[in-house]
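In the numbering used here, the protein residues as written are 174 to 340. Please read the structure below before turning to the comments.
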Amino acid sequence: MFKALFFLFIVIPIVEIALLIQVSEVIGGWSTIALVIVTAFVGAKLVKQQGTDALKNVQGQMAQGQMPAEELFAGLCVIIAGVLLLTPGIMTDVIGFLLLTPVVRKRLAANLMSQAKVKMTNPQQGGGFYYSSFTHTQSPEREQFTETHIQSNKPSNTLEGEFERKD
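Structure representation (structure tokens):
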């Protein structure tokens, strides 16, 4: 934790100051200040637009009864991008604009999901695995709920369970 805070509050500002000095030597001091201000305004506008879109997508998927994991991750990336774009500096602006790019977000999400490990335990069953989900389908003729249970107390990759499908 200390290393992360050290990097966040000491290393990043030092790199940002060095980059701002080098850019101001090339394009001038006032132009560098204008660049930082323009990127903040453009970034804020893009964050507002993409954040609104992400919120609409999350609400749409939840209304359909789906878990909006990808949309929630996109929203988190947009929030982080907003913070980075409002922070004065060149490096944070570049990272912020990259996070606003859907291709970068999808690749980042895929990398994080490949490294994620999910462990679910139920203390009532001595640390075993229990999963229950409800699927809601609605057709013009009728409305239907299906419940799925998966249960396993074994430490292997095999899951024992029940599945019931009602057509």
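Glycine included, each C-beta is placed from N, C-alpha and C at the ideal position.
Does DSSP put residue i in a helix, in a strand, or in coil?
i: residue 235; result: helix
i: residue 224; result: helix
i: residue 166; result: With the chain represented from 174 up to 340, any question about residue 166 goes unanswered, as that position is not in the structure.
i: residue 212; result: helix
i: residue 281; result: helix
i: residue 273; result: coil
i: residue 262; result: coil
i: residue 286; result: helix
i: residue 201; result: coil
i: residue 186; result: helix
i: residue 229; result: helix
i: residue 176; result: helix
i: residue 339; result: coil
i: residue 304; result: For residue 304, the predicted structure reports a pLDDT of 47, less than 50, and the residue's modelled location is therefore unreliable. A value from the coordinates is still provided. Three-state result, residue 304: strand.
i: residue 310; result: Here the model assigns residue 310 a pLDDT of 48, short of 50, so the residue's position is not dependable, and the following value carries that caveat. The answer is strand: DSSP assigns residue 310 an E or B state.
Classify residue i as buried or exposed, calling it buried when 16 or more other Cβ atoms lie within 10 Å of its own Cβ.
i: residue 184; result: exposed
i: residue 244; result: buried
i: residue 242; result: exposed
i: residue 178; result: exposed
i: residue 193; result: buried
Closest by CA to residue i, which one among the options?
i: residue 285; options: 268, 247, 263; result: 247
i: residue 266; options: 178, 205, 180; result: 205
i: residue 191; options: 250, 233, 261, 177; result: 261
Is the Cβ-Cβ distance between residue i and residue j less than 7 Å?
i: residue 271; j: residue 219; result: no
i: residue 188; j: residue 264; result: yes
i: residue 216; j: residue 269; result: yes
i: residue 213; j: residue 259; result: yes
i: residue 280; j: residue 250; result: no
Any contact between the region 218-225 and the region 247-263? By contact I mean 3 or more CB pairs, one from each, below 8 Å.
yes
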